[in-house]
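The opening residue of the sequence shown carries number 22 in this note's numbering; numbering runs sequentially from there. Don't be surprised by glycine CBs; every beta carbon is placed ideally from N, CA and C.
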Amino acid sequence: MTDCDVAVIGYGPTGMTLAALLGQLGHKVIVLERYKGLYNLPRAACFDDETMRTFQKLGLVDGVSQGSVVQRDYDWVNAAGETLVELQYAEAAPAGWAAMYMMFQPDIEAVLDQHDKALPSVEVRQGVTVANVVQDGETVTLHAQGPDGEPTVVRAHFVVGADGGGGFMRRTFCPEVDDYGFQENWLVCDFQMRRIVKDLPMFRQVCDPVQPTSIVRIGPRHHRFSFMLNPGETVEEATDTSSVWSRVGKYLTKDDAELIRTANYVFRSRVVRQWRHGRVFLAGDAAHEMPPFLGQGMCSGMRDSHNLAWKLDLVLTGRADTTLLDTYQVEREPHVRFITEKAIELGRVQTLRDPVQARARDERMLARRRANQGPDKVKLPGLGGGLVVGSGDFFPQGRVRSQEKEGRFDDIVGAGWCIVTRDPKLFGTLTALRRRGWDALDGRFALIASSPAADGLEDLDAVYTKWFEAHTCSVAVVRPDWYVYGTGRDGEDLAWLLDQLAVSLWKRAA
Ligand SMILES: Cc1cc2nc3c(=O)[nH]c(=O)nc-3n(C[C@H](O)[C@H](O)[C@H](O)COP(=O)(O)OP(=O)(O)OC[C@H]3O[C@@H](n4cnc5c(N)ncnc54)[C@H](O)[C@@H]3O)c2cc1C
């Protein structure tokens, strides 16, 4: 039997990210993954600015950038090829990175894998299938089968099931799911490009009621075509190579690209009812599945990992009560549900099969374009509950300049809790006791300078100045996952926020 702080089941993006974040904090983590090697085939196609900020935290931006490309636009066309929607993605989104990256998932997972395995406190055991979980008040014991069928036992303070949608952990701990009833059968065809193909759409939804199709580049060297299957179409028919080539014939020839994979996916939308069971948590697809129309499934799993990592750290190091871990589902579930519902809404509009309804949609969207009305952009919500006072908005990242260096805020200031203010007198108002409390959380301070000549960090793109103005505050207490714990106007507000935080971290179960 091996002991560890946290055992992670599943080495997909959720498990890999969690291991990386906990390993960065020095925790002993054992990951158990049933496959002997990496899955090595793409599923997710894109990720957002917040995900890139997480890669930044892990020091993986350079590696991840090798397997991804910034995507600036996305369009929808109808069966006649008329443009229905043209969406522009920001070059600098709130998290300080581009709003949209297209990726080749195996390249990104290879970067995470190499990183995880190099962390001294992380052990990745591949070819190990977890078959039983037993917990008492203090620990959880996992019984698994190793690569040659040998039994393996791991004991952990906490276990996170990141073993995917159909995984063992969901079946064991929470078979009750809320099913939104959205279920679509798609054929996904991935190509490795041999050469640049002129006019090949980079990110397009073809809203053709006869054959709804999505075309996306997946990273710098690959492309994906996804086709919604017709009722009655069999997987054998759909995945047959010659039928795939005839479907993509309008865009690609065999001289342009090599077909590397076809897969049949049923896109579902299900959210597990209970994400925590004592010392066991579900995360990523194990806790929720959503259709990929917003490209947020993997991003959401990584958010789960980020949310869990710093909370587990506080509990494991005796700086918070285990009740803090109850805030995990409270915070993550509404966020995931919002995205799932939006993805379904979007998917339903894009994939209308009824020609009359499809024509009405086209006319509506074409009229909007003629009236110069841009498309509605989906803005992800704040947390709204859990360990926050207020709306729990996402705190942006801008470029700043200190006396010594210039760069993105997180690189200059560092990771973890942070009090960010534009009031130079504010830190001086904190009592020694509150400062000690803040130091115990490894909290940081960042002063945003009011002008380039003043003390503090120069706000190079006015990101923070605008943010404080929009939120009518002068101080923000920001959590390690960049969601805002609370905001205030002066030292008194800050003192109150820190006292509230201390109480919340030690809210013992009644
Ligand atoms: C076609 C398609 C397109 C998508 N596009 C996007 C997109 O553009 N952007 C985005 O963010 N998301 C997208 N997604 C969703 C994304 O792929 C998933 O949300 C994400 O991969 C889930 O990661 P995970 O780590 O939670 O689970 P998984 O990747 O499923 O990993 C679970 C791991 O657990 C292991 N495991 C299972 N059972 C056991 C056991 N008993 N013991 C040990 N190990 C076990 C499995 O082998 C697996 O490696 C897409 C999905 C699909 C199918």
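query	result
Mind pulling the alpha helix (DSSP H) runs of 4 or more residues that sit fully within the region 153–221?	189–194
In terms of DSSP beta bridges, what is C25 paired with?	A177
Is it the case that the region 398–414 contacts the region 359–379, given that we only count it when at least three CB pairs across the two stretches are under 8 Å?	yes
Which ranges would you report for the alpha helix (DSSP H) in the region 435–518 if only whole runs of at least 4 residues count?	453–461 and 484–491
Examine the Cβ distances between the region 365–383 and the region 195–208 and report whether three or more of them are shorter than 8 Å.	yes
Alpha carbon to alpha carbon, how far is D480 from T486? Give it in angstroms, no decimals.	7 Å
Evaluate T104 with the Cβ neighbour count: other Cβ atoms within 10 Å of its Cβ, from every protein chain shown; 16 or more gives buried, anything less gives exposed.	exposed
Do you know how far the Cα of D520 is from the Cα of Q92?	43 Å
Can you round the beta-carbon distance between H178 and D69 to whole angstroms, since I take them to be within the 8 Å contact cut?	At roughly 32 Å, the Cβ-Cβ gap does not stay under 8 Å, so H178 and D69 are not in contact.
Nearest-angstrom Cα distance between R422 and C494?	22 Å
Could you tell me if the beta carbon of P313 falls within a distance shorter than 7 Å of some heavy atom in ligand 1?	yes
Measuring alpha carbon to alpha carbon, tell me which residue in G253, L373 and A66 is nearest V227.	L373
Decide yes or no for the touch test of the region 33–42 against the region 318–335: beta carbon pairs closer than 8 Å, at least 3 of them.	yes
Tell me whether F430 sits in a helix, a strand or coil according to DSSP, three-state version.	helix
Please determine whether the Cβ atom of D184 lies at a distance below 7 Å from any heavy atom of ligand 1.	yes
Would you mind sorting R10 into buried or exposed? The rule is 16 or more other CB atoms within 10 Å of its CB.	Residue numbering for the chain in the displayed model covers 22 to 531; residue 10 lies beyond these limits and cannot be assessed.
Leaving out the 5 sequence neighbours to the left and right, which residues in its chain are closer than 8 Å to Q317 when beta-carbon positions are compared?	D69, M311, I360 and A364
Would R238 be called buried (16 or more neighbouring beta carbons within 10 Å of its own) or exposed?	buried
Under 8 Å: do the region 118–131 and the region 74–90 share three or more Cβ pairs, one atom per stretch?	yes
Would you decide whether E112 is buried or exposed? Buried here means 16 or more other CB atoms lie within 10 Å of its CB.	exposed
If you compare alpha carbons, which of A304, P241 and R245 is closest to I281?	R245
Could you tell me which residues DSSP puts in a beta bridge with I236?	R225 and F246
Taking 7 Å as the line, does the beta carbon of E354 fall inside it for any heavy atom of ligand 1?	no
At a cut of 8 Å, does the region 252–265 reach the region 133–151 through at least three beta carbon pairs?	no
Take the Cβ of E352 as the centre, count every other Cβ of all protein chains shown within 10 Å, and call the residue buried at 16 or more, exposed below.	buried
Starting from W331, trace the beta strand (DSSP E) in both directions and tell me its first and last residue.	From DSSP, W331 is part of no beta strand (DSSP E) but of the alpha helix (DSSP H) over G318 to L337.
For the alpha helix (DSSP H) that contains M73, what are its first and last residues?	D70 to K78
Determine the burial state of M6: buried for a count of at least 16 other Cβ atoms within 10 Å of its Cβ, exposed for fewer.	Given that the chain is displayed from residue 22 to residue 531, the structure contains no residue 6 and the question cannot be resolved.
Comparing alpha-carbon positions, which option in A379, E427 and I217 lies nearest P233?	A379
Would you identify the three-state DSSP class for A531, choosing helix, strand or coil?	Unreliable placement is indicated for A531, whose pLDDT of 40 sits below 50; the coordinate value is still reported in the next sentence. A531: coil per DSSP, three-state reduction.
Can you name the residues that DSSP bridges to R146?	L53
Are Y32 and V145 close, meaning C-beta to C-beta below 8 Å?	yes
Starting from R291, trace the alpha helix (DSSP H) in both directions and tell me its first and last residue.	Per DSSP, R291 belongs to no alpha helix (DSSP H); it is in the beta strand (DSSP E), R291 to V293.
Taking the beta strand (DSSP E) that Y60 falls in, what are its first and last residues?	First-last for Y60: undefined, no H or E at that position.
On the premise that R291 lies in contact with D199, defined as a C-beta separation below 8 Å, what is that separation, rounded to the nearest angstrom?	7 Å
By the DSSP assignment, the beta strand (DSSP E) with Y286 in it spans what residues?	A278 to F288
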